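*Asks:* Residue numbers (our numbering), protein chains in the order written: chain A, 386 to 1024; chain B, 386 to 1024; chain C, 386 to 1024.
This is the structure, below, for whatever I ask next.
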Amino acid sequence: MISTLGVCYYPEHWDEAMWASDAERMVETGITWVRIGEFAWSRLEKVEGTFTFEWLDRAIAVLADAGLKVVMCTPTTTPPRWMIEKHPNMLAVDANGNPRKFGSRRHYCFSHQGYIQDCERITRVLADRYGADPRIHAWQIDNEYGCHDTIISYSDVARAAFQEWLTDRYGDVEALNTAWGNVFWSMEYDRFDQIDLPNLTVTEPNPAHVMAFRRFSSDQVVKFNRVQVNVLRAATDVPLIHNYMGRILDFDHFEVGEDLDIASWDSYPIGFLSDRLEGDDDHKAAFLQQGDPDMQAFHHDLYRAVGKGRWWVMEQQPGPVNWAPYNPAPLDGMVRLWSWEAIAHGAEVVSYFRWRQAPFAQEQMHAGLLRPDDTPAAGMEEAAQVAQEIATLGPLVQVQADVALIFDYPSDWAWNTMPQGADFDYFRLIFSAYRALRRAGLSIDIIPSTQRNFDGYKLVFAPGLANTDPTLMSDLRDSDALAVLGPRTATVTDELSIPPQTQPVITGLDVNIELSESFPPSHIRSVEGGGSVVHWMEKLSGSSPVLMKTEGGATVLTGDDQMWYLGSWPDETLWNRLVGMAATQAGLHTTALPDGLRLRTAGAVQFAFNYSAHSVSWNDQVFDACSVTAWDRQDRILK
Amino acid sequence: MISTLGVCYYPEHWDEAMWASDAERMVETGITWVRIGEFAWSRLEKVEGTFTFEWLDRAIAVLADAGLKVVMCTPTTTPPRWMIEKHPNMLAVDANGNPRKFGSRRHYCFSHQGYIQDCERITRVLADRYGADPRIHAWQIDNEYGCHDTIISYSDVARAAFQEWLTDRYGDVEALNTAWGNVFWSMEYDRFDQIDLPNLTVTEPNPAHVMAFRRFSSDQVVKFNRVQVNVLRAATDVPLIHNYMGRILDFDHFEVGEDLDIASWDSYPIGFLSDRLEGDDDHKAAFLQQGDPDMQAFHHDLYRAVGKGRWWVMEQQPGPVNWAPYNPAPLDGMVRLWSWEAIAHGAEVVSYFRWRQAPFAQEQMHAGLLRPDDTPAAGMEEAAQVAQEIATLGPLVQVQADVALIFDYPSDWAWNTMPQGADFDYFRLIFSAYRALRRAGLSIDIIPSTQRNFDGYKLVFAPGLANTDPTLMSDLRDSDALAVLGPRTATVTDELSIPPQTQPVITGLDVNIELSESFPPSHIRSVEGGGSVVHWMEKLSGSSPVLMKTEGGATVLTGDDQMWYLGSWPDETLWNRLVGMAATQAGLHTTALPDGLRLRTAGAVQFAFNYSAHSVSWNDQVFDACSVTAWDRQDRILK
Amino acid sequence: MISTLGVCYYPEHWDEAMWASDAERMVETGITWVRIGEFAWSRLEKVEGTFTFEWLDRAIAVLADAGLKVVMCTPTTTPPRWMIEKHPNMLAVDANGNPRKFGSRRHYCFSHQGYIQDCERITRVLADRYGADPRIHAWQIDNEYGCHDTIISYSDVARAAFQEWLTDRYGDVEALNTAWGNVFWSMEYDRFDQIDLPNLTVTEPNPAHVMAFRRFSSDQVVKFNRVQVNVLRAATDVPLIHNYMGRILDFDHFEVGEDLDIASWDSYPIGFLSDRLEGDDDHKAAFLQQGDPDMQAFHHDLYRAVGKGRWWVMEQQPGPVNWAPYNPAPLDGMVRLWSWEAIAHGAEVVSYFRWRQAPFAQEQMHAGLLRPDDTPAAGMEEAAQVAQEIATLGPLVQVQADVALIFDYPSDWAWNTMPQGADFDYFRLIFSAYRALRRAGLSIDIIPSTQRNFDGYKLVFAPGLANTDPTLMSDLRDSDALAVLGPRTATVTDELSIPPQTQPVITGLDVNIELSESFPPSHIRSVEGGGSVVHWMEKLSGSSPVLMKTEGGATVLTGDDQMWYLGSWPDETLWNRLVGMAATQAGLHTTALPDGLRLRTAGAVQFAFNYSAHSVSWNDQVFDACSVTAWDRQDRILK
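Listed below in structure tokens is the structure:
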């Protein structure tokens, strides 16, 4: 596969006289794809039922005539103002009970049937008009589900839908009472319609109640998306796509992904570092203008799984953004580095957001490839360079990695509902494992918890996997891979309660969690041989061999030749040791990369990305700051 | 008295087949008491007016047959779901005006008459059935008043009740206007029904308004409790108990205690350290798995006073809990240490919460004496050890301490309403004094501000006592004790205004507060001879001899042979010096205990508790980590 | 001009028997002015339409008979309780949608027409009675507009008024859609009545929407104030005044000031340091009991401009206050220093708040000149000393400064709406420039952005000036002053969007902002020659000569002989260098003052104020802690 480049374009934001020149310059830059339309509802249907497609027809014509492939979007992320008059209760409601008002975007509750019908209607109108249009090469449905904390809604329509969902799940209310343990504080219900949404309770609500609400909320996204999928499937054969975000776990992307053909995501490395990553000040300062060295790769690997192998970067940060607490500019070379890293992880398309910086409204300080005055911004040259280099490098192949990491959205809901310690966060945990694997130079596949085929993997990690289908554990045991499970893996039931059997519930391993402890950052427990336990530690007993223990003699890691159970949250040093031990056992070669340098194998091509702001040395080579290096059969290709 | 052990048990949570074996094992463990029923309303009255007592009858029979004494509870802390349909406005309302919804516990407003009548009704039904039952040896009313911030409610029913309360207190509205100084900002009222609850005002409301609301809110708890007391008194002669919490000061426990026979409290040393104590990081880290060395003793001494000498620990932490920000496990020996410390302070009963960890609902990660799979948890063995040791040690006697500390709930409301400095908190102040007394090896009695008999006390401390009945000061002066008052003692009227006379209003002392200052932690003022003033300092003048002054010459402590006034908030060093000076003057012997070691005298038995995670030396002896030591007439009994 | 002293007095708070002695002691203290009545509405009109002026008549008589000049206030800051029954929807509404309740002060929404009419009515009644009274020498309208965050209201009446305001401004809704760029996220409106207030949106609302709401909110204050101005103008010729606050920028004080004769402000140096100033801990600790050395001077200079040359301190802190997070006492000498500093900056009157500390209600811990028991507080003696010193010193003259600093309220709204970095705050920026000018020993005039005459100025600074009328830039270029503009100056349109031309939009300078970056405090960029860029940096290009650059070679400062553009936020060292360079170019002499020492020239008299808690040396002289020094033609007058 040879990757291609794209760009996000808003013809409705610009004078029509500019379109042709824009399209021409896109092509000159080496861009192949252009995404349009996701915010354009107010221009397509200014008055309910009256459509204005002529401008869009002309825009498509101009773009396609220049040789660009169009990604058409449904505009359901931004219902126009009249829609709120039609459906006053379609707004989502926040945890304090306030409706989240019109005036920005994503102002809808996923449970509002009237709005869903209007989404189906506008999708059908678009599908009728453009479904068979050969200039449209892909469709994007809606935009960034979950952005701005929009999955959870405490609206009246959500409550009614939740009660229906509960009725479907439990059949009768006594079953629900039993499943949730509502006897605990006399929380038993007599009828489903008594069950409220779990906000504003006196103290924490029943975890089972919250977990059900989290599942329901995710299911509503799947259903919402599927309505548009069904309309578009009937009208077109081109791929259907959604553009996901970074570190949003409020709905099950694997389930949405099942209905789509390609997963894509919106990659804002510098904004994400500032906005949504834990990390000490030194780390954040060192990567302030580059982004975290593992955050993008993690999502590339995640969305490759969500897309069942097919994935894009739909929006690539091209310069400073506007929405993070602090918005510095990327260092020279980083736009190219990010682009190539995506390609090395298998992105079919890397599409920059956006073509030209808008001079108005919320994102006027968000860079594009062009400045508002139409002169090139810093990212433009790097994008053009990438386009040329793609041609030079030729096709890349993605091959299965040696290492798999199981990622599971409901686990995030579970531990978010019942963290048992202020610092227990699922993403934080699994990302700490991912980072350690990457520091050792490994390429990783992320896989869903529903996967049962582990052929080809030598090592499978599953930290913090909340619930397990019993078949997962037996299939893992039967596989050729060494499985490294825990902490907290297989310790709760599907209803977020403690299972009757010994935990963790792991086939063939005699290990027993006596109790679990959480502790503040000031408390660490040193491990024999180096490294420490932080945040979380389970007291383990059982006859499985002890593989690591604290200086006080407590078991940290136990297991047999096929499965290890880790009862603790490791610090960086301990993760490094653990990955090293596991790789040795699995017969994998590892290395110790310098801070900021990361590797990725794409078939015969080996990539190295230096996220550091200075050059680093590894393996007798020097890597420049913010550089991409690639070798193909011992020949360096890019530097 | 020989103390006994108890346990909290929830027959409704477990298969009836387990009850007999549970009861038998309780007895084997050395447990005497079993508390039941406080969360069982939905199982007792599933439908309004239809009662199901058979299961409870059987549970009582099983427990009593095994030889256990039952503490029966009223279940009014957890009204069932149908109650909210009956009384939709019974929910308390938070400071933002949102009702606090059903779905956890304590979901009621103390001012709702309909709910109070239903509480009276269920109490009467229980009293009728079990009031004369000889197997019931005590009653607990409701559960943990004030937990989850549930004393203050801004509901409509609370507002109406507050207006009535004001009418009763002031008679006519002009009297209220004058008492509150409402002329200040044209806040004068024409009628009582114009007076709103003091939330959501533009800037801070009148302190007198807030103080009245705080008194009212406390009174509502007293009234609520009394309704059940009255029903039970008519039906039974066994003791009536409530289980209070740690550091909850929102209602006057002494007033509730007046209506009851025994005070009890729920002691969670590790949770409280994490959740509700100031302290530098080093202190919190040193005692992370033991709890603060003075927090439990303080509450033991407080509730001994609230119970007029009779008190229990109704819930004793037996392992990690679930509800604090971080939840580490107790170090080995701490469950025993906590139990013995309670006994040394005079607890009649130490009752563990809970028998077996529940595998479901909110507290599924809260340890019990048994794990959910019925195997013993770490605390079980220590509880059994305590039971055996109690038998070995024989009866203990409580004697009056040499030192009294006056504790006053309205003072907390006063300084919370008008702190005048972000760090001025009544509990924090009085606890800093208590700690200093304990560091000096003293045993302490806590007494209410209504007490007038100081016979037998050599030293009385009353820091931060907001308001004083004039008789208190004259009785203190007439006593044989040295009274150490201040800072801020006797500086405001009952209406939280500045009294017309010179402050502090202390009989026979010529001291005058010229002004009061608060300052941030970065600002301290060094005192001649060592130690510093922190947080708060009054500028004192007057002819009373100066006993301590700052290096700048400002008076810190002044007084005569009978009364001292302290115009400053001392740091630890200064508290130590002050306690030393006062003890010398009072003819008391003090010592300087190492960090974590604390003493308690129980008649002829001297106890030492080492809260440290390592051994410490004192008085030529070594005390092991987490150990209890006891001497009786020079013979060491426990170690 | 010879400045005079005043005091704030509340006859309604005290027994009438005290009035005469109070008045006599005021005069003895050297006080000339007495302000009364701003909180007295409930005593003037206890029942709607029934007035009680007799007490006020008597109070005025007593005060005037003693020789005092009365400042009469309208009481509209504290509508009485019955007013809320008359106008239930007159309360402002907070950003969460909750009405801000009665029970303190400023409980009104500026958009409520019914309340405005009642304000007009009470003003007319007062004007009728006292407008021609020769004992009334000035009027104050309302009190502290904007205090307690009271400019912005999200009430229904505010929304309706905002829609009218928008209709007036834009004429038709398509013009608004275009001006705001509402096409961006399909935010286009069909009618004005669809436009809601910009709170509770899903993510940030359109900056243009917010900016319009901020302008509207300011305009409502201007209109509200003007109603009372119109009534009073018809009835009296004495000056009309409002008392503004420190660092409240939510309305355009210049516009309100246009309708009044004198600007006054309420100066609380210690409260403001604790409550509303950025600063590292060392700085705050060093000036804890003195206040920031530049905060008062800044506001003196600002309100001199707002008052078109005539200004007062209406409320001067005389001791500890009650409302800041921490409330320490002023060091000895500071009340005198603050008073003299105001006089040196041209205050006609310095009026202390308040005569006697109230023993009740919200401010009972706020010091006055007298303590509640009628004995003098610490500030009294210093006030009396100032009165005597004024007589000794004789008249002072204010002359135009060499340096002007342009201050612009809408710039604060603009950057508050669109900060683009968590630390970008307009006041913080402009105050950092002001401080640097003061550290160099310069006297400064603050001028509005509407000023076009720069005659006499050698240096004009305008950091962060959001929008510019094109005439400002050309007039600056045509002036004799060196203009130092930026960062962020002239970069947005009046609608808070990016202008079509190159930014900054500065006449005759070839400089171009390629992009803008914000960064966290941990990130700084060193500048050649010393100092660093912090918080914000623009990437500048263009042919204007580079005057300063980073060590990495990026342009920090560029310009020609008449105008400089600064694309960065300087740290203290860099500001010092920049001020030095600019002063040299402008032919101004500067000095380097020690920390805490500040100068002010008043005609032939040179003042030095030492805010330090210790003596400092400068220019071969020693300045005592907290001292005022003044020279007149080389003779030292005050020390």
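Note that CB positions come from ideal geometry on N, CA and C, so glycine has one too.
Quick caveat, the model's predicted, so the values are computed rather than measured.
Can you pull the chain B residues whose beta carbon is under 9 Å from the beta carbon of Trp954 (chain A), in chain order?
*Replies:* Result: empty, since nearest Cβ-Cβ is about 13 Å, beyond 9 Å.
*Asks:* Scan the stretch 574–632 of chain C and note each continuous alpha helix (DSSP H) run of 4 residues or more that stays entirely inside, going in chain order.
*Replies:* Entirely contained in the stretch 574–632 of chain C, the alpha helix (DSSP H) runs reaching 4 residues are, in chain order, 592–618.
*Asks:* Spatial neighbours of Ala789 (chain C) within its chain, please: CB distance less than 6 Å, with the 5 preceding and 5 following residues excluded, ordered by chain position.
*Replies:* Asp830, Ile832, Tyr842, Val845.
*Asks:* Could you check whether the Cβ of Pro889 (chain A) sits closer than 7 Å to any Cβ belonging to chain B?
*Replies:* For Pro889 (chain A), the answer is no, since every Cβ of chain B falls outside 7 Å of its Cβ.
*Asks:* With DSSP run on the structure shown, which of helix, strand or coil describes Lys471 (chain C)?
*Replies:* Of the three classes helix, strand and coil, the one that applies to Lys471 (chain C) here is helix, per DSSP.
*Asks:* Inspect the beta-carbon positions of Thr417 (chain A) and Ala769 (chain A) and report whether they are closer than 7 Å.
*Replies:* No. Outside cutoff.
*Asks:* Expressed to the nearest angstrom, what Euclidean distance is found between the alpha-carbon atoms of Ala593 (chain C) and Asp793 (chain C)?
*Replies:* C-alpha separation (whole angstroms): 18 Å.
*Asks:* Return the bridge partner residues of Gln701 (chain C) from the DSSP annotation.
*Replies:* DSSP, once it has assigned bridges, lists C:Ser652, C:Tyr737 as partnering Gln701 (chain C).
*Asks:* Residues of chain A with a CB under 9 Å from the CB of Trp798 (chain C): which are they?
*Replies:* Within 9 Å Cβ-Cβ: nothing; Trp798 (chain C) doesn't reach chain A, min ~16 Å.
*Asks:* Quick one: which chain A residues come within Cβ less than 7 Å of Pro905 (chain C)?
*Replies:* Under the 7 Å cutoff, chain A gives Tyr711.
*Asks:* Please list, in chain order, all residues of the same chain as Gln605 (chain A) whose beta carbon is under 6 Å from its beta carbon, the five residues on each side excluded.
*Replies:* Answer for Gln605 (chain A): Phe495, Ser496, listed in chain order.
*Asks:* Our contact map puts Glu700 (chain B) next to Ser736 (chain B) with C-beta atoms below 8 Å; I'd like the distance itself, whole angstroms only.
*Replies:* The pair is a contact, with the Cβ atoms about 7 Å apart (cut-off 8 Å).
*Asks:* If you measure from the beta carbon of Phe475 (chain C) to each beta carbon in chain B, is any gap under 7 Å?
*Replies:* Residue 475 (chain C) is actually Met in this sequence, not Phe. With 7 Å as the cut-off, Met475 (chain C) does not count as an interface residue toward chain B.
*Asks:* Using a Cβ cut-off of 7 Å, which residues of the stretch 386–418 of chain C contact any Cβ in chain B, in chain order?
*Replies:* The residues in question are Glu397, His398.
*Asks:* So is Gln498 (chain B) in contact with chain C if we call contact Cβ pairs under 7 Å?
*Replies:* Answer no: the Cβ-Cβ gap between Gln498 (chain B) and chain C never drops below 7 Å.
*Asks:* Hey, does His668 (chain A) have any beta-carbon neighbour from chain B nearer than 7 Å?
*Replies:* With 7 Å as the cut-off, His668 (chain A) does not count as an interface residue toward chain B.
*Asks:* Let's see if you can read the secondary structure: which residues bound the beta strand (DSSP E) around Gln525 (chain A)?
*Replies:* Segment 521–525, the beta strand (DSSP E) holding Gln525 (chain A).
*Asks:* CB-CB under 8 Å to Trp467 (chain B), same chain, minus the five flanking residues each way: which ones, in chain order?
*Replies:* Hits under 8 Å: Val432, Glu433.
*Asks:* Would you give the residue range spanned by the alpha helix (DSSP H) that Asp863 (chain C) belongs to?
*Replies:* Element bounds for Asp863 (chain C): 855–863.
*Asks:* In angstroms with no decimal places, state the Cα-to-Cα distance between Gly631 (chain B) and Glu767 (chain B).
*Replies:* Taking the straight line from one Cα to the other gives about 23 Å.
*Asks:* Over what stretch of residues does the alpha helix (DSSP H) that includes Asn528 (chain B) continue unbroken?
*Replies:* Where Asn528 (chain B) is concerned, there is no enclosing alpha helix (DSSP H), given that its DSSP letter is neither H nor E.
*Asks:* Name the chain C residues that come within less than 8 Å of Asp758 (chain A), Cβ to Cβ?
*Replies:* By Cβ distance, chain C contributes Pro885, Gln886, Thr887.
*Asks:* What are the start and end residues of the beta strand (DSSP E) that includes Asn897 (chain C)?
*Replies:* From DSSP, the beta strand (DSSP E) with Asn897 (chain C) extends over 897–903.
*Asks:* Using Cβ-Cβ distances below 8 Å, what residues of the stretch 563–576 of chain A are close to chain B?
*Replies:* Listed in sequence order: Trp565, Gly566, Asn567, Val568, Phe569, Trp570, Ser571, Met572, Glu573, Tyr574, Asp575.
*Asks:* State the DSSP-derived secondary structure class of Ile387 (chain C), mapped to helix, strand or coil.
*Replies:* If DSSP states are grouped into helix, strand and coil, Ile387 (chain C) belongs with coil.
*Asks:* Just checking: is the beta-carbon of His684 (chain C) within a distance shorter than 7 Å of some beta-carbon in chain A?
*Replies:* Closer than 7 Å: no.
*Asks:* Just curious, the beta strand (DSSP E) that Lys924 (chain A) is in, first and last residue?
*Replies:* Counting along the chain, the beta strand (DSSP E) containing Lys924 (chain A) begins and ends at 917–926.
*Asks:* Could you tell me whether the Cβ of His908 (chain B) comes closer than 7 Å to any Cβ of chain C?
*Replies:* Interface residue, yes.
*Asks:* Would you kindly work out how many angstroms separate the C-alpha atoms of Phe424 (chain B) and Asn481 (chain B), rounded to a whole number?
*Replies:* The straight-line gap from Cα to Cα measures roughly 28 Å.
*Asks:* What residue does the beta strand (DSSP E) around Ala1004 (chain B) start on, and which one ends it?
*Replies:* One point to set straight first is that residue 1004 (chain B) is Asn, not Ala, in the sequence displayed. Note, Asn1004 (chain B): premise wrong, no beta strand (DSSP E); not H, not E.
*Asks:* Can you give the Cα-Cα distance for Trp565 (chain C) and Ile1022 (chain C), rounded to whole angstroms?
*Replies:* Whole-angstrom Cα-Cα distance: 59 Å.
*Asks:* Quick check: the Cα distance between Trp954 (chain A) and Gln947 (chain A), rounded to an integer number of angstroms?
*Replies:* Cα-Cα distance, rounded: 21 Å.
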